[in-house]
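J.: Chains as they are written, first to last, in my numbering: chain U, 304 to 533; chain S, 35 to 135. Let me begin by handing over the structure; questions about it come next.
Shown next as structure tokens:
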């Protein structure tokens, strides 16, 4: 099984390439987060530190939103729930990471939505270098964007005016199409996830809705079970 | 203020544990075929979820039809085997154009 399909250089380079596109989206979102945090009473420096050490978009929005209502503990709870999707993502990456438990734990820190998805190979393996490269580009963009948003608090309308809000969805779409081209049998799973996501997003926080989308992967397990019974 | 700092520290620690525990504990263990099939399908499931949840937003407050032509254009560009960044750039340009109309 090709645990390292790429050469060291090509893996990192592919990661940087996809990371640049994701970083532009992350930057735009981070600017709005920085402005949002300061508007909600967070000191600019703490908003920037939060982005640097937690690097987790929707969970940060949730924490700031809850805290402005006086509920720091509830905010941490919501953020923890939203980020719980990182548990299965990192667990699924485990066998493609290198070294002993400590090194693997640190390598697992590169798991971020866009990077993790982009690093999936068509054969089901994960290109860890591609994931590292993509995350390495996005992290400074996220931190810098927060700093600019927190210090200058620009109008968030600029995201819409410059079409920046379409960057993330467009990237997710292209990555999804790539993934489905490699494995067309996952099309029903993607459709089920989209349906769950649409319904859940209406009533639940985004991160929780996302976690529920993962349930559609159970379809694959059911299919495998049926296949082995025959 | 102290509470805010503690909240940030807590979130950072929670994230570290979330992302570190699986890789540290599981190592290169192989899973049963059923579990493995589920793990293999996770990227597609989460990606479709990210796309929809990102587009609609909480309580669908981000729902915006002006992004649809842009995304459709990205899909066509992908079908024509354009590189990823090119597809995204086309989506942005088309979305801006639609909003200017």
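The beta-carbon is built from N, C-alpha and C at its ideal position, and this holds for glycine as well.
Helix, strand or coil for residue 400/U per DSSP?
T.: The residue labelled residue 400/U in the question sits at position 97 within the first chain. In the structure shown, residue 400/U sits in coil (DSSP, three-state: anything other than H, G, I, E or B).
J.: Residues of chain U with a CB under 9 Å from the CB of residue 63/S: which are they?
T.: On the second chain, residue 63/S is found 29 positions in, with the first residue counted as 1. The contacting residues are 397, 398.
J.: For chain U, find out if any of its Cβ atoms is closer than 7 Å to the Cβ of residue 36/S; answer yes or no.
T.: Taking the first residue of the second chain as position 1, residue 36/S is located at position 2. With 7 Å as the cut-off, residue 36/S does not count as an interface residue toward chain U.
J.: Run the CB neighbour count on residue 305/U, radius 10 Å, all protein chains shown included, and call it buried at 16 or more, exposed below.
T.: Taking the first residue of the first chain as 1, we reach residue 305/U at position 2. In this predicted model, residue 305/U has a pLDDT of only 44, less than 50, meaning its place in the structure is not dependable; the value taken from the coordinates is given anyway. Residue 305/U should be labelled exposed.
J.: Using a Cβ-Cβ cutoff of less than 8 Å, which residues in the same chain neighbour residue 364/U once the five nearest sequence positions on both sides are dropped?
T.: Residue numbering aside, residue 364/U sits at position 61 when the first chain is read from its first letter. Closer than 8 Å at Cβ, skipping near neighbours: 336, 339.
J.: What does a CB cutoff of less than 6 Å around residue 418/U pick up in its chain, not counting 5 residues either side in sequence?
T.: Position 115 of the first chain, counted from the start, is the residue given in the question as residue 418/U. Contacts found: 434, 437, 438.
J.: Taking just the CA atoms, how far does residue 474/U sit from residue 109/S?
T.: Indexing the second chain from 1 puts residue 109/S at position 75. Indexing the first chain from 1 puts residue 474/U at position 171. One C-alpha to the other measures close to 10 Å.
J.: Counting C-beta neighbours from all protein chains within 10 Å, is the total for residue 99/S 16 or more, i.e. buried, or is it exposed?
T.: Translated into positions along the second chain, residue 99/S becomes position 65. Exposed.
J.: Which partner residues does residue 514/U have in the DSSP bridge list?
T.: What you label residue 514/U is simply residue 211 of the first chain in a count that begins at 1. Looking at the DSSP assignment, residue 514/U forms no beta bridge with any residue, so it has no partner.
J.: What residues in the segment 69 to 89 of chain S have a beta carbon less than 9 Å from any beta carbon of chain U?
T.: For the segment 69 to 89 of chain S, which is checked against every Cβ of chain U, the residues closer than 9 Å are 69, 70, 71, 72, 73, 74, 75, 76, 77, 78, 79, 80, 81, 82, 83, 84, 85, 86, 87, 88, 89.
J.: Can you say whether residue 135/S is buried or exposed, counting buried as having 16 or more other CB atoms within 10 angstroms of its CB?
T.: Taking the second chain and counting its residues from 1, one reaches residue 135/S at position 101. Exposed is the call here.
J.: Please report the distance separating the alpha-carbon of residue 69/S from that of residue 63/S.
T.: The residue you call residue 69/S lines up with position 35 of the second chain. The residue you call residue 63/S lines up with position 29 of the second chain. For residue 69/S and residue 63/S, the distance between alpha carbons rounds to 12 Å.
J.: Please determine, among 130/S, 36/S, 52/S, the residue with the shortest C-alpha to C-alpha distance to residue 411/U.
T.: Numbered from its first residue, the first chain carries residue 411/U at position 108. Of the listed residues, the one whose Cα sits closest to residue 411/U is 52/S.
J.: In or out: residue 445/U buried (at least 16 other Cβ within 10 Å) or exposed?
T.: As a position in the first chain, residue 445/U is number 142, starting the count at 1. Burial call: buried.
J.: Mind pulling the chain U residues with CB within less than 8 Å of residue 60/S?
T.: Start at 1 with the first residue of the second chain, and residue 60/S comes out as number 26. The contacting residues are 394, 397, 398.
J.: Nearest-angstrom Cα distance between residue 533/U and residue 493/U?
T.: Indexing the first chain from 1 puts residue 533/U at position 230. Indexing the first chain from 1 puts residue 493/U at position 190. With a pLDDT of 49 at residue 533/U, under the threshold of 50, the modelled position of this residue cannot be trusted; read the value that follows with caution. If I take the Cα positions, the gap works out to 25 Å.
J.: Mind listing which residues of the segment 505 to 517 of chain U have their C-beta closer than 9 Å to chain S's C-betas, in chain order?
T.: Here the close residues are 505, 506, 507, 508, 509, 510, 512, 513, 514, 515, 516, 517.
J.: Listed from N- to C-terminal order along the chain, which residues in the segment 331 to 353 of chain U have their beta-carbon within a distance smaller than 7 Å of any beta-carbon of chain B?
T.: You won't find chain B in this structure, because its protein chains are U and S.
J.: For residue 121/S, which option in 498/U, 430/U, 481/U, 477/U has the closest C-alpha, if you only look at C-alpha atoms?
T.: Along the second chain, read from residue 1 onward, the residue named residue 121/S stands at position 87. The residue with the shortest Cα to Cα distance from residue 121/S is 477/U.
J.: Decide if residue 525/U is buried, meaning its Cβ has at least 16 other Cβ atoms within 10 Å, or exposed.
T.: Taking the first residue of the first chain as position 1, residue 525/U is located at position 222. Per the 10 Å Cβ criterion, exposed.
J.: Measuring alpha carbon to alpha carbon, tell me which of 447/U, 511/U, 469/U, 483/U ends up nearest residue 351/U.
T.: Within the first chain, residue 351/U is the residue found at index 48, counting from 1. With distances taken between Cα atoms, residue 351/U lies closest to 447/U.
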